[in-house]
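Written below as structure tokens is the structure these notes are about.
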Amino acid sequence: MKKIGYAVVQLFVSTLLWFYFKKTTHHGLENIPKNKPVIFLSNHQNAFLDTILIATNCRRKPYFLTRSDVFKNTVLKGLFSFFKMIPIYRIRDGFTSLQKNQYTFDFCSSLLDKNEALVVFPEGNHNLKRKVRPLSKGFIRIIFNALEANPELDIYLVPVGVNYQAAKDFPDSAALYYGTAISVKESIDQSDINNSVHVLKNQVFKALKNLTTHIEDEAKYDFTIQKLEAFGVDYTKPKEVNDKLLYLSSISKIPETITEANSFDLLKKWIFMAMNFPVILVWNLLLKPKIKDLAFLSTFRFAYAVIIFPIYYTLLVLGTYLFTQDIISGLLVATTVFLYNLFYTKTI
50 MKKIGYAVVQ LFVSTLLWFY FKKTTHHGLE NIPKNKPVIF LSNHQNAFLD
100 TILIATNCRR KPYFLTRSDV FKNTVLKGLF SFFKMIPIYR IRDGFTSLQK
150 NQYTFDFCSS LLDKNEALVV FPEGNHNLKR KVRPLSKGFI RIIFNALEAN
200 PELDIYLVPV GVNYQAAKDF PDSAALYYGT AISVKESIDQ SDINNSVHVL
250 KNQVFKALKN LTTHIEDEAK YDFTIQKLEA FGVDYTKPKE VNDKLLYLSS
300 ISKIPETITE ANSFDLLKKW IFMAMNFPVI LVWNLLLKPK IKDLAFLSTF
350 RFAYAVIIFP IYYTLLVLGT YLFTQDIISG LLVATTVFLY NLFYTKTI
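Our numbering puts the first residue of the sequence shown at 50, with every later residue one more than the last.
Here it is in structure tokens:
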């Protein structure tokens, strides 16, 4: 019964993501092993949206390592468990809390032994910057803990590059790239474990750099972004962007902007804002200013849209009915706004 419930929720969330994003694409799904223990290792830019984008389309029903502080709410704890979220403790949670990670590692070992899949964000935290940050050793500990329990376990690591065109904006597009699976058994040399760990981390790090935009030079990061955006690059195509980075490294000044604002797009935006004025007003004045970490902006906007728009459409029906005493007119108004919103999201 729980599996059916999870599948229904997975389909529901996938549908919501389709309405929210202009476009989402998933590449390399054929690289994901079936009936094998798998650890998905993803870059982490956009808070909870990274998680659900992988969960709804990776062709597995993975468990997720999630920072432990979200489990403090006892009401939500059961919900998080239903969604296969596993707490992981960090130093900031208190040194004594780190001891609880052994239970997490043992639980992950039991899952891998059953050919289940895990999602781990090895960068350790989220950040909107378009670069792969140094990887922590958490996923290495999970691997060796599992191999200690079952040395014959055939674990595969699947690097995942999550790419957003404009994570802070709406509507946005996202593209996920699943890299070639890495066999842990083939990568570990039992005679030189320390070097094997180093090689394994480098394999994952190198793969992630190819699967998402990676701007190496931190000192020139903002300048590089300005050059990329002057060319109007499509960040959902990381190979093309990374190739462009090689070319732009030789350019010492920002080129003139190649892309120009489309007047028809501006018109569509103004119509969208007029049709949804109350919804946008509440977001801009009451909710958005309270979000201090911009990496959570899109996640909270998605949650807000999921909650508020069904209410808004219902109010449009009722409001129109009060004025016209005609329920059909109310339904037509709400349907018109809904269809225009969908048109705007998919075409802007």
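The beta carbon of each residue, even a glycine, is placed where N, CA and C say it ideally should be.
Own chain, CB closer than 6 Å to residue i, minus 5 neighbours either side, in chain order
i: Asn-212; result: Ala-224, Thr-261, Tyr-284, Thr-285, Pro-287
i: Phe-68; result: none
i: Ser-378; result: Thr-369
i: Ala-383; result: Tyr-362, Leu-365, Val-366
i: Arg-179; result: Thr-262, Ile-264
i: Lys-234; result: Asp-203
i: Thr-273; result: Ile-264
i: Tyr-393; result: Lys-317, Phe-321
Same chain, Cβ closer than 7 Å to residue i, five either side skipped, listed in chain order
i: Ala-354; result: Tyr-69
i: Phe-97; result: Thr-348
i: Pro-208; result: Leu-90, Gly-228, Val-253, Ala-256, Leu-257, Leu-260
i: Tyr-55; result: Lys-110
i: Val-87; result: Ile-81, Arg-109, Ala-166, Tyr-205, Val-207
i: Ile-303; result: Gln-275, Lys-276, Ala-279
i: Asp-342; result: none
i: Lys-402; result: A question about residue 402 goes unanswered here, because the residues of the chain that appear run from 50 up to 397.
i: Ile-246; result: The residue you asked about is not Ile; residue 246 is Val in the sequence shown. Here the set comprises Ile-189.
Contact under 8 Å by Cβ, residue i with residue j
i: Phe-89; j: Ala-166; result: yes
i: Phe-349; j: Ile-340; result: yes
i: Leu-160; j: Pro-171; result: no
i: Ile-204; j: Ala-215; result: no
i: Ile-189; j: Lys-149; result: no
i: Phe-321; j: Asn-390; result: yes
i: Lys-293; j: Phe-280; result: yes
i: Ala-230; j: Asn-80; result: yes
i: Val-168; j: Ile-103; result: yes
i: Asp-238; j: Asn-199; result: no
i: Val-248; j: Ser-232; result: no
i: Lys-318; j: Ile-397; result: yes
Residues of its chain near residue i, where Cβ-Cβ distance is below 8 Å and the 5 sequence neighbours each way are ignored
i: Ala-344; result: Gln-94, Asn-95, Ala-96, His-175, Asn-176, Leu-177, Ala-216
i: Met-324; result: Val-386, Tyr-389, Asn-390
i: Gly-187; result: Leu-114, Ile-137, Val-169, Pro-171, Gly-173
i: Pro-82; result: Tyr-205, Val-207, Ala-230
i: Thr-153; result: Leu-114, Ile-135, Pro-136, Ile-137, Tyr-138
i: Tyr-112; result: Lys-133, Met-134, Ile-135, Cys-157, Leu-160, Glu-165, Ala-166, Leu-167, Val-168
i: Leu-335; result: none
i: Leu-380; result: Val-366
i: Val-282; result: Glu-289, Val-290, Lys-293
Nearest-angstrom Cβ-Cβ length linking residue i and residue j, presumed shorter than 8 Å
i: Ile-101; j: Val-57; result: That belief does not hold up - the Cβ atoms of Ile-101 and Val-57 are roughly 15 Å apart, past 8 Å.
i: Phe-156; j: Ile-137; result: Actually they do not touch by this definition, with Cβ atoms about 11 Å apart.
i: Asn-164; j: Lys-52; result: About 15 Å separates the two Cβ atoms, so there is no contact after all.
i: Asp-221; j: Lys-71; result: 7 Å
Neighbour-count burial assignment, residue i, 16 or more Cβ in a 10 Å radius
i: Gly-228; result: buried
i: Asp-99; result: buried
i: Tyr-226; result: buried
i: Leu-277; result: buried
i: Ser-298; result: exposed
i: His-263; result: buried
i: Lys-133; result: buried
i: Leu-371; result: exposed
i: Leu-295; result: exposed
i: Leu-346; result: buried
i: Phe-351; result: buried
i: Ile-23; result: Past the edges of the chain, shown from 50 to 397, lies residue 23, and the structure says nothing about it.
i: Thr-373; result: exposed
i: Ile-242; result: exposed
i: Thr-64; result: exposed
Check: residue i C-beta below 7 Å from any heavy atom of the ligand GTP
i: Tyr-55; result: Because no ligand of any kind appears in the structure shown, any question about the ligand GTP cannot be addressed here.
Query raised in the report: Hey, is the segment 94–113 in contact with the segment 75–85, meaning 3+ C-beta pairs nearer than 8 Å?
Result: yes
Query raised in the report: Hey, is the segment 356–367 in contact with the segment 320–337, meaning 3+ C-beta pairs nearer than 8 Å?
Result: yes
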